[in-house]
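J.:
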Amino acid sequence: MIEPLYVAGGSALHRLPAWLKLAALVAAGAGLFVLRDPRWLGAAFAAAALLVWSTGVSAAAVWRQVRGLLWVLLAVGLFTGLFQGWMEALAVVLRVGAMVGLALAVTLATRTSDLIAVCERALMPLERIGLVDAGKVALALALALRFVPEIWRNFHEIREAQAARGLGAHPVALIVPLIVLTLKRAQEVAEAIDARSL
């Protein structure tokens, strides 16, 4: 299993069992969506940032993970501020930022294989009554966790290659080769899965 997000370390968060980290993440996420006061949300955001720092992962590695999300947060905050007020926009940005920080801390400090195993075990009761196939859901989650960083990396490689050739960052010129690479990789994975009869 390729570990696209996990960074080895010896922090307290690294040592906690994966099931406990996931359960705490779910509970914290639910709590964040109940909170409305920006002061409490600001405290939650600071706590999430402190938790990421406690993993011992370098600032450069954290920046690589979150830099693309900053524009999304900015757009969400601007849109919310224009239509619902700037205090609500602040609350939304802090809420989403705290949730992203908590999720990042968990994924940086937990092997992907451990996260998948916990999810598969959690789905077993639903599999027993015929609602889901826990193995297939776990495989889908593993592929999603694997491909999101790969697509992001391909995007940057294409953009850098085009910049080196003196080409402008035209959206079509970026998106078309990215789609081609993604579909090609998806086809390779599909063929590998078929070959193993999964």
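In my numbering, the protein residues as written are 705 to 902.
Heads up, the beta-carbon is just placed ideally off N, CA and C, and yes, glycines get one too.
Quick caveat, the model's predicted, so the values are computed rather than measured.
#1: Indicate the three-state DSSP secondary structure (helix, strand or coil) for I706 in the structure shown.
#2: Which same chain residues end up closer than 7 Å to I862 when comparing Cβ atoms and leaving out the 5 residues on each side of it in sequence?
#3: Tell me whether G714 is buried or exposed, calling it buried when 16 or more other Cβ atoms sit within 10 Å of its Cβ.
#4: Return helix, strand or coil for I820, following the three-state DSSP convention.
#5: By how many angstroms is the C-alpha of G733 removed from the C-alpha of W744?
#6: Please look up how many angstroms separate the CB atoms of A813 and L717, rounded, as I've assumed it's under 8 Å.
#7: Just to confirm, are R857 and A795 a CB contact at a threshold of 8 Å?
#8: What separation, rounded to the nearest whole angstrom, lies between the Cα atoms of G785 and K725?
#9: Mind checking A712: buried by the 16 CB within 10 Å criterion, or exposed?
#10: Would you decide whether L754 is buried or exposed? Buried here means 16 or more other CB atoms lie within 10 Å of its CB.
#11: Note the first and the last residue of the continuous alpha helix (DSSP H) segment covering T784.
#12: Output the boundary residues of the alpha helix (DSSP H) element that contains R719.
#13: For A728, report the span of its alpha helix (DSSP H) as first-last.
#14: Below 8 Å on the Cβ atoms is my guess for I820 versus A842; work out the distance and round it to an integer in Å.
#15: Could you compute how far the alpha carbon of R768 sits from the alpha carbon of G781?
#16: If you check the beta carbons only, do G746 and L777 fall under 8 Å apart?
#17: For L808, which three-state DSSP category applies?
T.: Taking the definition as stated:
#1: Within the sequence shown, numbered from 1, the residue matching residue 706 stands at position 2. With a pLDDT of only 40 at I706, under the threshold of 50, the placement of this residue in the model should not be trusted, and no figure is reported.
#2: Within the sequence shown, residue 862 is the residue found at index 158, counting from 1. Excluding residues within five positions, the ones whose Cβ falls inside 7 Å are L878, P881 and L882.
#3: Along the sequence shown, one-based indexing puts residue 714 at 10. G714 is exposed by the Cβ-count criterion.
#4: By 1-based counting over the sequence shown, the position of residue 820 is 116. In the structure shown, I820 sits in a helix (DSSP, three-state: H, G or I).
#5: Counting from 1 along the sequence shown, the entry for residue 744 is found at position 40. Counting from 1 along the sequence shown, the entry for residue 733 is found at position 29. Distance between the alpha carbons of W744 and G733 is about 14 Å.
#6: Mapped onto the sequence shown, residue 813 falls at position 109. Mapped onto the sequence shown, residue 717 falls at position 13. Confirmed, Cβ separation roughly 4 Å.
#7: Against the sequence shown, residue 857 aligns to sequence position 153. Against the sequence shown, residue 795 aligns to sequence position 91. No, Cβ-Cβ distance for R857 and A795 is not below 8 Å.
#8: Locating residue 785 in the sequence shown gives position 81, counting from the first residue. Locating residue 725 in the sequence shown gives position 21, counting from the first residue. Each residue's Cα considered, the two are about 33 Å apart.
#9: For the purposes of this step, residue 712 is identified with residue 8 of the sequence shown, where counting begins at 1. Exposed is the call here.
#10: For the purposes of this step, residue 754 is taken as the residue at position 50 of the sequence shown. It counts as exposed.
#11: Along the sequence shown, one-based indexing puts residue 784 at 80. Residues A763 to Q788.
#12: By 1-based counting over the sequence shown, the position of residue 719 is 15. A716 to R719 is the span of the alpha helix (DSSP H), which, as asked, contains R719.
#13: If you number the sequence shown from 1, residue 728 lands on position 24. Its alpha helix (DSSP H) spans residues A722 to V738.
#14: Start at 1 with the first residue of the sequence shown, and residue 820 comes out as number 116. Start at 1 with the first residue of the sequence shown, and residue 842 comes out as number 138. With 8 Å as the limit, I820 and A842 qualify as a contact, their Cβ atoms being about 5 Å apart.
#15: As a position in the sequence shown, residue 768 is number 64, starting the count at 1. As a position in the sequence shown, residue 781 is number 77, starting the count at 1. Using only the alpha carbons, I get a separation of about 21 Å.
#16: Translated into positions along the sequence shown, residue 746 becomes position 42. Translated into positions along the sequence shown, residue 777 becomes position 73. In this structure, L777 does not lie closer than 8 Å to G746 by Cβ.
#17: As a working mapping, residue 808 is identified with position 104 in the sequence shown. Residue state, collapsed to three classes: helix.
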